[in-house]
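Residues 12 to 54 in my numbering are what the sequence shown lists, from first letter to last.
Ideal Cβ positions, reconstructed from N, Cα and C, are used throughout, including at glycine.
The structure presented is a predicted model; accordingly, all values stated were derived computationally and were not measured.
The structure appears below as structure tokens.
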Amino acid sequence: SSGYTDDVIEQKGKMKAGAVFLSKPATKQMLLSKVREALDQAL
Numbered sequence: 012s013s014g015y016t017d018d019v020i021e022q023k024g025k026m027k028a029g030a031v032f033l034s035k036p037a038t039k040q041m042l043l044s045k046v047r048e049a050l051d052q053a054l
């Protein structure tokens, strides 16, 4: 989770392309969606 957008984080080399990313502010639904996405990728 970050206050920056995912493209800024990727450009700075702090995150792999395609990683599950949650930008702030995040709602509970956004968090649940990203957790589900991360779990689905792990399988």
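- Ser44 has no beta-bridge partner at all, per DSSP.
- Cβ-Cβ distances below 6 Å link Ala53 to nothing in the same chain once the five nearest sequence neighbours on each side are left out.
- Excluding five sequence positions before and after Val31, the CB atoms of its chain that fall closer than 8 Å to its own CB belong to Lys45, Glu48, Ala49 and Gln52, given in chain order.
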